[in-house]
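2 protein chains.
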Amino acid sequence: MATTSHAPDAPTAAAQPPGPATPRATRRRGEALTRAIYQATLNELARTSFEELSFDKIAPLAGTGKSALYRRWATPEELVIAALTDPSTGFGDPVAPDTGSLRGDLIALLGRFAGVLDEPRGRALRPLLTQRARHPEVFEEVRRLVILPNQRILLAVLQAAADRGEAAPQCVTPRVASVGPRLIMAEFLEKGTVGRADVQSIVDEVLMPLTAPRPDTGRSDAPADAGDGARAT
Amino acid sequence: MATTSHAPDAPTAAAQPPGPATPRATRRRGEALTRAIYQATLNELARTSFEELSFDKIAPLAGTGKSALYRRWATPEELVIAALTDPSTGFGDPVAPDTGSLRGDLIALLGRFAGVLDEPRGRALRPLLTQRARHPEVFEEVRRLVILPNQRILLAVLQAAADRGEAAPQCVTPRVASVGPRLIMAEFLEKGTVGRADVQSIVDEVLMPLTAPRPDTGRSDAPADAGDGARAT
DNA sequence: CACGATAGTGAACAGACTTGTCCCTTATTT
DNA sequence: AAATAAGGGACAAGTCTGTTCACTATCGTG
């Protein structure tokens, strides 16, 4: 049994979140341990996939034993939801930007979103995005914590811009509000990261033209009926 | 596993393309068998995830033995790439629409894309989208077979529309061309399916306003330098 | 300050499942 | 009929899962 783990001299390794089994001087409990487990969970999720998660792998990564995990959660799914929901490791309520201009707000909001995606919690989202059908509860949590808040804020930003005359009133819709975040997400999936230049490009090449006040060209909206002309073959 | 694996009564009498081990009168070989394996692979991929794929599971789904698979491919990864590449089960070159109008072209192209996503081969894409980092070769194939062709055609559609005066010339860019497909993909991931109404909404609420000829408002493009105004906190 | 309650650590374990390979039988092709 | 390859089962080695246990650091209380 167990060479004692109470090495009295190891003050150096004070507190690194993702330590792969570093012998610790202090034994964590309660909240501190829980948060370390959340971190390890998100890191592992970011590295691999939801299906491969297991208490078996997470425990050593968090520098603890499986028992501590089984005492808290019944399944990896529960653990993931908890990790996502916890404000300190997962997602809290994002704040609305207020730079005074539509372009400033968009770049601030989308830039922050892109930044979050580069953190462990953001990279942990990636494997979850394709799990809608198999793990509705997990996906619903992603939706509730990430997708919907962004959409809500974006809609408010658009409304404010429309009120200032900076944006066309008819672009204040959920569909238009979804464009920015979705383009960021797509860029993230395709390239692995979203740089500042990408954010600017999305804002300047897509969102600004899309929301620009319309000098009433007769074509901008849906042509009433018009057969949809789909000629797929 | 005492229960015989060739249960003569498939549950719910599934049709034969994805038949879960229906006893066959005829023994397939060569191309026919290969294609059946591709189908089973894509079906299973659509149902679960890339990580969970294994010859062990695919073989019975294709109604054959593991030997037939190991004789053809060394790893599930190779098999997936082959299944995606095969024109009869995977993706060939998509055709460019030519309806005469920008809106018609967009709805035709994106509608067809949405349709493909509802097929097995399309649903099989979903788990692959998050595998860029772990399986670059598979993702590269997705890119080559699905993402890039769509982008290429869309760019051509935009160019043609610009030539006709239907679209602003400055919107003929890869970034703008990426918007449609990416919104379709995002809708697909978030809702599980993309209906005709979604396609129309994307075209009419986003793409048409975005590409509308610009009567030269002084603001549509990037403001030269202008600090990016990001005030993320 | 010391004691007892609580909870973390680390390991072991049995059972289930997975993996790649091998081999024998049988259908199909030449 | 001979050659080829499919069908399908069996195998050993390895992996993963959830439990349980002995041990000990930490905390709260008296």
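Here the protein sequences line up with chains A and H, keeping their order.
Mapping to the numbering used here: the first sequence position 18 is 18, numbers consecutive.
Each number in the numbering used here corresponds to the 1-based position in the second sequence with 1000 added.
The C-beta atom is built at its ideal place from N, Cα and C for all residues, glycine as well.
Discussion item. For a contact defined as C-beta to C-beta under 7 Å, what are the partners of residue 1049 (chain H) on chain A?
Written reply: Taking the beta carbon of residue 1049 (chain H) as reference, the chain A residues within 7 Å of it are 49 and 51, listed in sequence order.
Fill in: Nearest candidate by alpha-carbon position, reference residue 1187 (chain H), set A:210, A:201 and A:132
Distance check between residue 1187 (chain H) and each of A:210, A:201 and A:132 places A:132 closest, using alpha-carbon atoms only.
Worksheet entry | Delimiting residues of the alpha helix (DSSP H) encompassing residue 1045 (chain H) | Counting along the chain, the alpha helix (DSSP H) containing residue 1045 (chain H) begins and ends at 1030-1047.
Item to complete: Please look up how many angstroms separate the CB atoms of residue 151 (chain A) and residue 120 (chain A), rounded, as I've assumed it's under 8 Å.
Response: So it is not a contact: roughly 23 Å between Cβ atoms.
Worksheet item: How big is the Cα-Cα spacing for residue 247 (chain A) and residue 123 (chain A)?
Response: Residue 247 (chain A) lies beyond the range of chain A shown here (1 to 233); nothing can be said about it.
Item to complete: Please go through the same chain and pick out, in chain order, the residues whose beta-carbon is closer than 7 Å to the beta-carbon of residue 54 (chain A), but skip the five residues on each side of it.
Response: So the list reads 76, once near-sequence residues are dropped.
Item to complete: Have a look at A:128, A:27, A:146 and A:192 and flag the residue whose alpha-carbon is nearest the alpha-carbon of residue 178 (chain A).
Response: The option with the nearest alpha carbon to residue 178 (chain A) is A:146.
Item to complete: Classify residue 215 (chain A) as buried or exposed, calling it buried when 16 or more other Cβ atoms lie within 10 Å of its own Cβ.
Response: Result: exposed.
Worksheet item: Between the segment 1115-1138 of chain H and chain A, which residues of the former have CB atoms less than 8 Å from a CB of the latter, in chain order?
Response: Those would be 1115, 1126, 1127, 1129, 1130, 1132, 1133 and 1134, in chain order.
Worksheet entry | Close-in-space but distant-in-sequence residues of the same chain around residue 1097 (chain H) (CB under 6 Å, 5 per side omitted) | Excluding sequence positions up to five before and after residue 1097 (chain H), its CB lies within less than 6 Å of the CB of 1105, 1108 and 1109, all in the same chain and listed in chain order.
Worksheet item: Quick one: is residue 168 (chain A) near chain H, going by C-beta distance under 9 Å?
Response: Residue 168 (chain A) counts as touching chain H.
Discussion item. Could you tell me the alpha carbon to alpha carbon distance between residue 81 (chain A) and residue 1051 (chain H), rounded to whole angstroms?
Written reply: Distance between the alpha carbons of residue 81 (chain A) and residue 1051 (chain H) is about 21 Å.
Item to complete: Note down, in chain order, every chain H residue with its Cβ under 7 Å from the Cβ of residue 182 (chain A).
Response: One finds 1182, 1183 and 1186 in chain H with Cβ atoms closer than 7 Å to the Cβ of residue 182 (chain A), taken in chain order.
Worksheet item: Does DSSP put residue 1076 (chain H) in a helix, in a strand, or in coil?
Response: If DSSP states are grouped into helix, strand and coil, residue 1076 (chain H) belongs with the helices.
Worksheet item: Which whole runs of the alpha helix (DSSP H) in the segment 65-132 of chain A are 4 residues long or more, in chain order?
Response: Segments of the alpha helix (DSSP H) lying fully in the segment 65-132 of chain A: 66-72, 76-85, 102-118, 120-123 and 125-128.
Discussion item. Measuring straight from C-alpha to C-alpha, what distance separates residue 1071 (chain H) and residue 126 (chain A)?
Written reply: One alpha carbon belongs to residue 1071 (chain H), the other to residue 126 (chain A), and they sit about 34 Å apart.
Discussion item. If I measure Cβ to Cβ from residue 1225 (chain H) and keep anything under 7 Å in the same chain, skipping five residues before and after, which residues do I get?
Written reply: Unreliable placement is indicated for residue 1225 (chain H), whose pLDDT of 44 sits below 50; the coordinate value is still reported in the next sentence. Result list for residue 1225 (chain H): empty, nothing under 7 Å.
Practice prompt. Would you mind giving the Cβ-Cβ distance between residue 1090 (chain H) and residue 1083 (chain H), rounded to the nearest angstrom? I have them listed as a contact below 8 Å.
Written response: Contact between residue 1090 (chain H) and residue 1083 (chain H) is confirmed by a C-beta separation of about 6 Å, below the 8 Å threshold.
Fill in: Beta-carbon proximity list for residue 116 (chain A), same chain, < 7 Å, skipping 5 on both sides
Cβ within range, chain order: 122.
Worksheet entry | Neighbour list for residue 1149 (chain H) in chain A, Cβ cutoff strictly below 8 Å | Those do not exist, as residue 1149 (chain H) stays about 14 Å from chain A at its closest Cβ, beyond 8 Å.
Worksheet item: Are there 16 or more other CB atoms within 10 angstroms of the CB of residue 27 (chain A), so buried, or fewer, so exposed?
Response: With fewer than 16 Cβ atoms within 10 Å of its Cβ, residue 27 (chain A) is classed as exposed.
Worksheet item: Under the rule that 16 or more other beta-carbon atoms within 10 Å means buried, what is residue 1163 (chain H), buried or exposed?
Response: Result: exposed.
Practice prompt. Mind checking which residues open and close the alpha helix (DSSP H) that includes residue 180 (chain A)?
Written response: Going by DSSP, residue 180 (chain A) is part of the alpha helix (DSSP H) stretching over 174-191.
Discussion item. Strictly under 9 Å for the Cβ-Cβ distance: is residue 173 (chain A) near chain H by that measure?
Written reply: A Cβ of chain H is located within less than 9 Å of the beta carbon of residue 173 (chain A).
Worksheet item: Using a beta-carbon distance below 9 Å, is residue 88 (chain A) in contact with chain H?
Response: No, its Cβ sits nowhere closer than 9 Å to a Cβ of chain H.
Worksheet item: Sorted by chain position, which residues of the same chain lie with C-beta nearer than 6 Å to residue 73 (chain A)'s C-beta, five sequence neighbours on each side aside?
Response: Result list for residue 73 (chain A): 79, in chain order.
Practice prompt. For residue 1204 (chain H), count neighbouring C-beta atoms within 10 Å of its own C-beta (all shown protein chains included) and say buried if the count is 16 or more, exposed if not.
Written response: Result: buried.
Worksheet item: How many Å lie between residue 1161 (chain H) and residue 1209 (chain H) at the Cα?
Response: Their backbone Cα atoms lie some 14 Å apart in a straight line.
Worksheet item: Between which two residues does the alpha helix (DSSP H) carrying residue 1164 (chain H) extend?
Response: Its alpha helix (DSSP H) spans residues 1148-1164.
Item to complete: Would you grab the beta carbon distance between residue 1128 (chain H) and residue 1113 (chain H) for me? Rounded to a whole angstrom, and I think it's under 8 Å.
Response: Incorrect: roughly 16 Å between the Cβ atoms, too far for contact.
Worksheet item: Taking the alpha-carbon positions, what's the residue 184 (chain A) to residue 67 (chain A) distance?
Response: Annotation: residue 184 (chain A) to residue 67 (chain A) spans about 39 Å, alpha carbon to alpha carbon.
Discussion item. Closest to residue 1134 (chain H) by C-alpha separation, out of A:189, A:159, A:31 and A:142, would be which residue?
Written reply: Closest by alpha carbon: A:189.
Worksheet item: In chain order, what residues of the same chain lie with their CB nearer than 8 Å to the CB of residue 156 (chain A), ignoring the 5 residues before and after it?
Response: So the list reads 96, once near-sequence residues are dropped.
Worksheet item: Taking Cβ-Cβ distances shorter than 7 Å, what residues in chain H pair up with residue 192 (chain A)?
Response: Against chain H, the beta carbon of residue 192 (chain A) has neighbours under 7 Å at 1132 and 1133, listed in chain order.
Worksheet item: What are the start and end residues of the alpha helix (DSSP H) that includes residue 200 (chain A)?
Response: That run of the alpha helix (DSSP H) goes 196-201.
Fill in: Neighbouring residues, chain A, relative to residue 1076 (chain H) (Cβ below 9 Å)
Against chain A, the beta carbon of residue 1076 (chain H) has no neighbour under 9 Å; the closest one sits roughly 14 Å away.
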